[in-house]
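Notes follow the structure.
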Amino acid sequence: MNSPTVHRILFVCLGNICRSPTAEGVFRAQVESRGLGARFEIDSAGTGDWHLGARPDGRAQRAAARRGVDLSGLRARQIAAADLARFDHIIAMDRANHADLTRLAGAKHRHKVRLLLAPGANRDDEIPDPYYGDAAGFDRALDLIERACADLLDHLGYRDHGDHGDHRDHRDSGDHLDSGDRPR
Ligand code: 4NP
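Given below as structure tokens:
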């Protein structure tokens with residue numbers, strides 16, 4: 001009778017060719033490696049429209065590929081009004097994205113908007129925009145994104161005990177997760 005909770009997660013940056021597609025790919029890989037694919041809908045978008053239809057930046061693709069994450073199938077798109085209604089969590093990479101999204105979301109949906117690096121931690125870091133930098137900037141962004149995506153899974157109730165074969169009750173029941181599911 002009770003269908004499991006599905007978490008709809010949208011990662012958002014400026015261009016949707018560097019950080020947010022990386023977050024989409026990394027988070028999807030983490031979710032799938034833990035057998036949680038049916039519990040999540042994962043997507044990404046940009047607040048800007050400069051790169052519509054483009055593949056992720058080659059530097060982002062190469063950095064992700066070195067860590068076993070394939071971004072090649074992703075294409076840039078701009079966030080639309082329907083996204084603000086559809087997704088449960090609208091996750092910004094930096095404060096400028098956060099401000100833009102809060103404004104777009106309005107009173108009805110702004111509670112869904114939060115920074116990727118903020119969940120449950122006393123830090124207010126951003127994912128720096130690597131677009132105008134060098135390859136090292138993409139690796140640095142990936143380090144932050146990988147850790148933050150793991151924190152996000154924790155935050156949603158899927159705590160990682162470091163043993164991916166260990167399916168404990170709190171991970172499998174799903175329906176109790178709503179209480180811990182509010183954006184902060
Ligand atoms: P992203 O990086 O927001 O992480 O995708 C950028 C990509 C393109 C531009 C800015 C940031 N741009 O100005 O074209």
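In the working numbering, the protein residues as written are 1 to 184.
We put the beta carbon where it would ideally sit given N, CA and C, even for glycine.
Just so it is clear, the structure is predicted and the values come from calculations on it, not from any experiment.
Item, Value
"Answer yes or no: the CB of leucine 14 versus the heavy atoms of the ligand 4NP, is any distance below 7 angstroms?", "yes"
"Starting from leucine 115, trace the beta strand (DSSP E) both ways and give me its first and last residue.", "113-115"
"Can you give me the C-alpha to C-alpha distance between aspartate 163 and arginine 34, rounded to a whole angstrom?", "Note that aspartate 163 scores a pLDDT of 43, beneath 50, so its modelled location is shaky and nothing firm can be said."
"Can you tell me whether glutamate 24 is helix, strand or coil according to DSSP?", "helix"
"Expressed to the nearest angstrom, what Euclidean distance is found between the alpha-carbon atoms of arginine 86 and arginine 8?", "8 angstroms"
"Ordered along the chain, which non-local residues of its own chain (more than five positions away) have a Cβ less than 6 angstroms from that of alanine 235?", "Only positions 1 to 184 of the chain appear in the structure, and residue 235 is not among them; the question remains open."
"Please state whether the Cβ-Cβ distance between isoleucine 127 and valine 12 is less than 8 angstroms.", "no"
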